[in-house]
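In what follows, a structure is listed as structure tokens, so that the remarks can point back to it.
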Amino acid sequence: MKTRIILFAAIAALCASCAKDAEPVSAVPETVELKIDVCEPGTKALVAANDTSDKKFNNVQVFVYNSAQELERSSGVKTTRSGISLSLVPGTKTVWAIVNAPEEITAPSKLADFQVFRSHLSDNSPSSLVMGGTQVINLVTNSNLTVNVKHYASKIVIDKISRKFTDTHYSEIPMTINRIYMSNVAADCDILCMTYPTEWLCKMGELASPPACADLLVDSGIDASLPENGSYNTSHTFYVYPNPITVDKNGGEWGARKTRLILECTYNGKTCYYPVTIPGSSAGVSTLQRNKVYKITELTLKRPGSTEKDSKDPEVSSDSDFSFNIQVSDWETGATYTEQF
Numbered sequence: 050m051k052t053r054i055i056l057f058a059a060i061a062a063l064c065a066s067c068a069k070d071a072e073p074v075s076a077v078p079e080t081v082e083l084k085i086d087v088c089e090p091g092t093k094a095l096v097a098a099n100d101t102s103d104k105k106f107n108n109v110q111v112f113v114y115n116s117a118q119e120l121e122r123s124s125g126v127k128t129t130r131s132g133i134s135l136s137l138v139p140g141t142k143t144v145w146a147i148v149n150a151p152e153e154i155t156a157p158s159k160l161a162d163f164q165v166f167r168s169h170l171s172d173n174s175p176s177s178l179v180m181g182g183t184q185v186i187n188l189v190t191n192s193n194l195t196v197n198v199k200h201y202a203s204k205i206v207i208d209k210i211s212r213k214f215t216d217t218h219y220s221e222i223p224m225t226i227n228r229i230y231m232s233n234v235a236a237d238c239d240i241l242c243m244t245y246p247t248e249w250l251c252k253m254g255e256l257a258s259p260p261a262c263a264d265l266l267v268d269s270g271i272d273a274s275l276p277e278n279g280s281y282n283t284s285h286t287f288y289v290y291p292n293p294i295t296v297d298k299n300g301g302e303w304g305a306r307k308t309r310l311i312l313e314c315t316y317n318g319k320t321c322y323y324p325v326t327i328p329g330s331s332a333g334v335s336t337l338q339r340n341k342v343y344k345i346t347e348l349t350l351k352r353p354g355s356t357e358k359d360s361k362d363p364e365v366s367s368d369s370d371f372s373f374n375i376q377v378s379d380w381e382t383g384a385t386y387t388e389q390f
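Sequential numbering from 50 applies to the sequence shown in the numbering used here.
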């Protein structure tokens with residue numbers, strides 16, 4: 050009898066030991082819902098040219114990276130900007146929203162690789178401009194998140210062109226406005242707008258045939274007479290990508306340089322050009338920035354233009370060439386500056 054009791058006690062002790070050493074069953078992580086709204090940070094802009102169409106929302110894609118900077122979820126292409134719901138494991142998330150991309154984006158698995166993804170100017174149209182934005186959230190429970198997006202493009206507007214030649218001899222000769230277009234345009238940018246363009250369009254004013262991104266960069270066939278003391282009052286709008294160049298070049302061989310608006314005219318039977326550097330020297334910053342509107346309220350011509358598309362040097366001697374005022378504003382808030390030369 051004593052032997053049986055000892056045996057039962059040993060078996061009980063062995064069972065207890067096994068129970069103590071057993072590995073716990075891993076619990077499946079619970080998920081929570083994150084509802085995402087995508088919007089612009091504001092709606093009020095100082096410059097209203099083409100304001101409705103260039104803020105148009107067509108589609109959005111949302112990408113969520115976890116604290117290990119690995120892709121956790123993506124939404125696919127959505128045609129609504131609000132209430133985009135994703136099931137996620139709790140934790141710190143980096144949320145990216147890309148609006149109006151021309152096709153579905155295959156996101157890389159690593160956040161660092163995603164953030165060097167490049168957007169191309171050719172992905173845009175005047176009524177479908179690409180926008181992007183990011184937000185970080187520490188997700189604990191079911192939550193709502195607003196991701197503010199901004200245009201990658203800058204908007205260039207010219208409202209009025211006037212002719213007031215300083216030399217009466219030149220003022221008697223007929224003049225016609227042929228076209229207006231953008232030059233030295235960055236063709237791409239990364240989604241953080243932190244690196245230099247890898248491609249350029251319309252280098253030094255030379256347009257391809259047919260012009261690349263013509264609906265964004267070129268207004269041709271204007272054919273408007275511009276008499277002395279007269280003005281051309283039709284507004285023109287262009288869209289370009291940010292240009293980080295701070296040290297400008299004029300003429301010579303191609304090298305990265307500042308973006309310009311070029312007014313092409315016929316004067317005395319010859320083609321001449323008025324290249325206007327954007328943003329100019331007194332903007333407070335020297336680079337052409339995303340989501341900004343650069344509005345030339347009036348461009349006043351004071352002498353015949355240059356024979357070179359990328360240089361303002363005149364064909365004839367004159368004390369001054371042209372003057373202009375530029376207002377700079379965000380698409381959503383606003384600031385102004387003026388420039389003259």
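C-beta: ideal position from N, C-alpha, C; glycine also. Please read these numbers as outputs of a predicted model, since none were measured by experiment.
If I'm right that residue i touches residue j with Cβ under 8 Å, what's the distance once you round it to whole angstroms?
i	j	result
K204	Y288	6 Å
R228	S177	Their Cβ separation, rounded to whole angstroms, is 24 Å, which puts R228 and S177 out of contact at 8 Å.
A156	S123	6 Å
C314	M224	6 Å
I210	S280	7 Å
I294	R309	About 11 Å separates the two Cβ atoms, so there is no contact after all.
Rounding to the nearest angstrom, what Cα-Cα distance links residue i and residue j in this structure?
i	j	result
A98	N187	Note that A98 scores 40 on pLDDT, short of 50, meaning its location in the model is unreliable; the coordinates nonetheless yield the value given after this. Near 39 Å, if we compare the C-alpha coordinates of N187 and A98.
T215	I311	21 Å
W380	H218	43 Å
S168	I240	7 Å
D103	M231	18 Å
N149	V113	18 Å
S174	R339	16 Å
K344	L170	20 Å
L256	T128	35 Å
K105	P151	14 Å
A202	E79	41 Å
K341	G301	29 Å
A117	A261	40 Å
C242	K298	22 Å
S284	G182	30 Å
A332	P259	Because A332 carries a pLDDT of 47, less than 50, the predicted location of this residue cannot be relied on, and the following value inherits that uncertainty. Near 33 Å, if we compare the C-alpha coordinates of P259 and A332.
K23	F163	Look at the range of the chain in this structure, 50 to 390, and you will see that residue 23 is not part of it.
V296	H200	25 Å
Y245	R130	30 Å
Is the beta carbon of residue i sitting closer than 7 Å to the one on residue j?
i	j	result
R212	E277	yes
L350	N292	no
V109	A146	yes
I154	I226	no
N115	G140	yes
T346	D208	yes
L135	L83	yes
A263	W249	no
V267	T190	no
M180	V198	yes
S158	E119	yes
I85	V111	yes
Nearest to residue i by alpha carbon, out of the options?
i	options	result
T143	I226, P223, V196 and G132	V196
C238	S232, T247 and L83	T247
G132	M243, S258, S174 and V87	V87
Y290	V234, W303 and E302	V234
C321	L135, Y343 and T356	T356
V325	T295, S360, G300 and V296	S360
W303	S274, S335, C251 and V111	C251
T286	L265, Y323 and L275	L265
S220	E79, N317 and K341	N317
V138	C242, S192, P151 and P259	S192
P348	N282, I222 and P260	What sits at residue 348 in the sequence shown is Leu, not Pro. Nearest option by C-alpha distance: N282.
Y323	G354, E89 and S274	G354
I222	S274, V185 and G182	S274
Q184	V296, E89, S335 and Y245	E89
So, is the C-beta of residue i closer than 7 Å to a C-beta in chain C?
i	result
L241	The structure shown contains no chain C, having only a single protein chain.
Quick one: does the C-beta of residue i sit closer than 6 Å to a heavy atom of the ligand FMN?
i	result
F106	The ligand FMN is absent from the structure shown, which contains no ligands of any kind.
Which runs of the beta strand (DSSP E), 3 residues or longer, sit entirely within the segment 333–359?
Counting whole runs of 3 or more residues, the segment 333–359 contains the beta strand (DSSP E) stretches 341–350.
Of all the beta strand (DSSP E) runs that stay within the bounds of the segment 105–136, which reach a length of 3 or more residues?
Fully enclosed beta strand (DSSP E) runs of no fewer than 3 residues occupy 109–114 and 120–127 of the segment 105–136, in order along the chain.
Quick one: complete beta strand (DSSP E) runs, 3+ long, within the segment 209–295?
Assignment of beta strand (DSSP E) within the segment 209–295, counting only whole runs of 3 or more residues, yields 210–212, 224–232, 237–239 and 285–289 in chain order.
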